[in-house]
Structure formats: C-alpha cells, structure tokens
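Q: Residues in the sequence shown are numbered from 16 upward in steps of one, following the numbering used here.
Take this structure first; my questions come after.
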Amino acid sequence: MLELSKYKSETRPDWCPGCGDFGVLNALTQAVANLNIDPKDLLVVSGIGCSSNLPGFIHAYGFHSLHGRAMPIASGAKLANPELNVVVTGGDGDGYGIGLGHFVHAMRRNLDITYIVMNNQIYGLTTGQASPTSAHSFVTKSTPAGNIEEPINPIAIAVVAGATYVARGFSGDPKHLTELIQNGIKHKGFALIDVFSPCVTWNKVNTYEYFRQKCYKFNGPDYNTSDTMQALLKSRESDPKIPIGLFYETQRPTYEEQDVTIKMGTPVKAPLGQPDPNSLFKEFY
Ligand code: SF4
C-alpha cells in the first residue's frame, strides 16, 4: 500500500464544512493507495459543479473540463494511453443531466473507466435548484411548489446501457465506499459508483441522518451480482429502505481491447512523426 501523503494536493478543498464530497475524496485516495497506483499513473477528470473540483484536491494528473463533458475527455485520454487509470468524478447534475448522453455511450462502449458520481440530489454550486435525481415534491429554489418530475434511476440506466460494474455507496460509510471504489478501479470495463453525498448547505432533506436511517447493505449469499433482472429490481427499491452495494458485475471485452489501432501499440508510445501526417493530408488534396 502506498502512503496516503503521496496523493496530498497543495490545494485544499473549498467545499462547505461537512460536505459529503470530503468522504468521497478520502475514499478515492484510500482506494488508489490500497491498489498501489502511483500518482503518475492516475488521471482524474471532472465536469463542472462543487464535486467536479475534486481533481484539484488529489495529487495526480487532473483535467477540470466543461459541464457534462468529462466523459469525452476521459475517453480520449484512455484511448491515447490505455495504461492510465482513468477516474471520472462529478455530480448528479453534471453527469445525469447535461452529460447523460456521454454517460450512456461510454457504458455501451465499455471503456475501462471508473465513474464516481457524487449524488446530492440538488444543484449545489448554483445555490440549490432541482437536479435530475431530486425526489418528486422536493421544494427547491427552482421548484417552490414542489418538484413535479420523477427522479432518474442511474443504477437501472447503467445496468441497461451496458456498464459492467454498477454500485452505489454513501459518503457517510467510508469503509464500504472505499471497497466499492477500489473494486470499481480494479474492474476491467466501465464502472459506475453512484454515491449519496449530502449537500449540507442546500439540501436539508437528504441529510447524513436521512441516509443513515434509510440505507441498507444487500450483498450476501442470496444476491447474484451477475443477474440483470435482480439488479434492476433492486435498483427500484427506495421505500422504506434504499439499497447500497454492488448491484451488478459482468465481464465483456473493453473498447480498448477491441480497437484495431490500440492493438498496434499504445498510441502515446508511438514514435512521433509515424505515420507521416503529410501523406494523410494528400488524400484530401
Ligand atoms: Fe458541498 Fe453543497 Fe457546499 Fe457544494 S454547496 S460544497 S455540494 S455542501
């Protein structure tokens, strides 16, 4: 195991005291340390939002991209250097709202990327509007009479869209969350870890206390993580209890393993100037 201090960034998190994202940062740091992933072999990519500031708070390669666009950046980096451990971090608004299309396509391609979504069921950075995971009837700045939309179900979407590792954790349960993230990074293929990460400033309903009372762990001998239907049924549970754990895991070839260009060698290690770009341009003259 590597020292946790290896990942310590000079930039301190700017999150509100008590924000659930601290727990996710700690769990991610612990997971990469347990896996002996050197900071030079780790890339953390994010979109926009409070949680998307995370790449600045861990000593590794980082890319703070555009709102909802972390996945295309991460996909490009992974295809250029498949030897890199690529982790995408962001929020529910960023990933399940504006970024939903990229999320779905990355899953069907089964890129070997780990996606950690800090799901606080509200837009925190913009001071408290309803997000794609906000509950029906939830009163926010943008829904003063109560949210009239049903929340998205990211676990079911991931299972159906082709993700090969689908889990949900809670930032108030760091040991369990570290285990889910660690196994997600180890998993060969697209891994989603949706994390209940309370926004202590703008969401006064989905609090630490709320999740401590509602969440339960379901993995055990009676649960088959390779059963798609069981995963879908489990993903629909929300009342009175919400399941956290590993919903689904399977193996199939990753995009990188099948790509003909990558089969010729790691692109970033190809000698510069090969092939000659001018010979390619001449095809269009
Ligand atoms: Fe965290 Fe909410 Fe503060 Fe953003 S506004 S840093 S999500 S507690």
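Built from N, CA and C at the ideal position, the CB exists for glycine as well.
Judging by CA-CA distance, which residue of Leu81, Thr216, Gly204 is the nearest neighbour of Thr269?
A: Gly204
Q: Rounded to the nearest angstrom, what separates Val14 and Val283 at their Cα positions?
A: No information on residue 14 is available, as it lies outside the stretch 16 to 300 that the chain covers here.
Q: My assumption, with CB atoms under 8 Å, is that Gly83 sits in contact with Gly106. Please give the rounded CB distance.
A: So it is not a contact: roughly 10 Å between Cβ atoms.
Q: What does a CB cutoff of less than 6 Å around Lys156 pick up in its chain, not counting 5 residues either side in sequence?
A: Gly143, Gln144
Q: Is the beta carbon of Gly207 less than 9 Å from the beta carbon of Ala173?
A: The sequence shown places Leu at residue 207, not Gly. Yes, Cβ-Cβ distance for Leu207 and Ala173 is below 9 Å.
Q: With a threshold of 8 Å (Cβ to nearest heavy atom), would Val132 be considered close to ligand 1?
A: no
Q: Identify, in the order they occur along the chain, each residue of the same chain with its Cβ nearer than 6 Å to the Cβ of Ile131, setting aside the five sequence neighbours on each side.
A: In its chain, beyond the 5 residues on either side, Thr104, Ile208 have a beta carbon closer than 6 Å to the beta carbon of Ile131.
Q: So what does DSSP say about Thr141, is it helix, strand or coil?
A: coil
Q: Out of Gly116, Thr141, Thr179, Asn168, state which residue places its alpha-carbon closest to the alpha-carbon of Gln266.
A: Thr179
Q: Determine whether the beta carbon atoms of Ala42 and Met16 lie at a separation below 9 Å.
A: no
Q: Is Ser66 near ligand 1, going by C-beta to nearest heavy atom under 8 Å?
A: yes
Q: Under a three-way DSSP split, which group does Arg183 fall into?
A: strand
Q: Any beta carbon of chain C sitting closer than 9 Å to that of Gly105?
A: No chain C is present in this structure, which holds just one protein chain.
Q: Taking Thr243 as the reference, give the member of Glu264, Glu252, Lys232 with the closest Cα.
A: Glu264
Q: Sorry if obvious, but does the Cβ on Asn41 come closer than 8 Å to a heavy atom of ligand 1?
A: Flag unset: Cβ of Asn41 not near ligand 1.
Q: Please list the terminal residues of the continuous beta strand (DSSP E) segment that includes Val175.
A: Segment 169-176 is the alpha helix (DSSP H) holding Val175; no beta strand (DSSP E) there.
Q: By Cβ distance below 8 Å, which residues in the same chain neighbour Ile52 in space, the five residues on each side in sequence not counted?
A: Leu17, Asn100, Ile200
Q: What's the C-alpha gap between Glu272 and Asn125?
A: Within the model, the alpha-carbon separation for Glu272 versus Asn125 is close to 10 Å.
Q: Drop a sphere of 10 angstroms on the beta-carbon of Thr193, count the other beta-carbons inside from all chains shown, and report buried for 16 or more, exposed for fewer.
A: By the neighbour-count criterion, in which 16 or more other beta carbons inside 10 Å mark a residue as buried, Thr193 falls on the buried side.
Q: Using only the alpha-carbon positions, how far apart do Asn218 and Glu252 sit?
A: When rounded, the separation of the alpha-carbon atoms in Asn218 and Glu252 is 21 Å.
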